[in-house]
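Numbering (our numbering), first residue to last: 31 to 233. Scroll down for the structure; my scribbles are underneath it.
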Amino acid sequence: MSNVLCLCHVCRLTSDAPTDLADDVKVLCPRCGAALHERKPDSLQRTWALLIASIVFYIPANLLPITKTSYIGGEQSDTIMSGVIYFAHTGAWHIALIIFVASVIVPIAKIIILIYLLVSVHRASAHRLVDRTRLYRITHSIGRWSMVDIFVVAVLVALVQLGPIAGIEAGPGAIYFGGVVVFTMFAAEAFDPRLIWDRWEKA
Ligand SMILES: [Zn+2]
């Protein structure tokens, strides 16, 4: 029986865990009783599933209105891009840029980077291991910043409630956009960066 050092995710105790047990046998932390894993369980499958869900949500997030503005004499629906174009036209370049980067560039970049990391692990690539690990760290830490759009909508909805005169409501696009952000955050969390280094250990 071979052993490997395992770090408990709950109490951080490092203990010896056997590696050659059957799949249905759980190894528990000797101190706190939490289940020990040598790796994140089913990392590739879970990351792919969450990533595909985020791609599916990305389409309605951009096509459906994210805000509905009502005022005397009319109603206006805005998608993420129409909001960016509106701010750019009215001269608020910095706001247009922040929304464009946080809501369009960052989610797409995260999805592309995670697909690249998954494909390179599937192909057991030994190419630029340190750079790929760095890419993963950036993707993992950047996630919450794409929530900027949701915060902006939430603040607007709370501030602009002037009864019959004017009001802003969150549109269905906001729900899908929130889904994209949450799914990509979970996907980055589910990916196990140690998979990148398996090739190096074998070499
Ligand atoms: Zn423990």
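Note that beta-carbon positions come from the ideal geometry of N, C-alpha and C, so glycine has one too. Computed from a predicted model, the values in this text were never measured in an experiment.
{"Item": "Just the Cα atoms here: how many angstroms apart are valine 187 and glutamate 199?", "Value": "6 Å"}
{"Item": "Just to check my reading of the structure: isoleucine 172 and phenylalanine 207 have Cβ atoms closer than 8 Å, yes? What is that Cβ distance to the nearest angstrom?", "Value": "With a Cβ gap of about 16 Å, isoleucine 172 and phenylalanine 207 do not count as contacting."}
{"Item": "Since valine 55 contacts leucine 66 with CB under 8 Å, what's their CB separation in whole angstroms?", "Value": "That belief does not hold up - the Cβ atoms of valine 55 and leucine 66 are roughly 11 Å apart, past 8 Å."}
{"Item": "Fully enclosed by the segment 144-222, which alpha helix (DSSP H) runs are 4 residues long or longer?", "Value": "159-172, 178-189 and 202-220"}
{"Item": "Return the first residue and the last residue of the alpha helix (DSSP H) that glycine 104 is part of.", "Value": "Looking at the DSSP string, glycine 104 is not in any alpha helix (DSSP H); the run it does join, the beta strand (DSSP E), is 104-108."}
{"Item": "Could you tell me the alpha carbon to alpha carbon distance between threonine 97 and isoleucine 138, rounded to whole angstroms?", "Value": "21 Å"}
{"Item": "Considering only C-alpha positions, which residue in the set Ile141, Ser107, Ser112 and Leu144 is nearest to isoleucine 129?", "Value": "Ser112"}
{"Item": "Indicate the three-state DSSP secondary structure (helix, strand or coil) for alanine 122 in the structure shown.", "Value": "coil"}
{"Item": "Cβ-heavy atom distance between alanine 64 and ligand 3 below 7 Å?", "Value": "Ligand 3 is absent from the structure shown, which contains only ligand 1."}
{"Item": "In whole angstroms, what is the alpha-carbon distance linking lysine 70 and leucine 225?", "Value": "10 Å"}
{"Item": "Give me, in chain order, the residues of the same chain whose beta-carbon lies closer than 8 Å to that of tryptophan 227; leave out the 5 immediate sequence neighbours on both sides.", "Value": "Leu159 and Thr163"}
{"Item": "Would proline 7 be called buried (16 or more neighbouring beta carbons within 10 Å of its own) or exposed?", "Value": "Past the edges of the chain, shown from 31 to 233, lies residue 7, and the structure says nothing about it."}
{"Item": "Any idea if alanine 122 is buried or exposed, counting beta-carbon neighbours within 10 angstroms, 16 or more meaning buried?", "Value": "exposed"}
{"Item": "Considering proline 90, what are the terminal residues of the alpha helix (DSSP H) in which it resides?", "Value": "73-93"}
{"Item": "Do the CB positions of isoleucine 143 and leucine 81 come within less than 8 Å of each other?", "Value": "no"}
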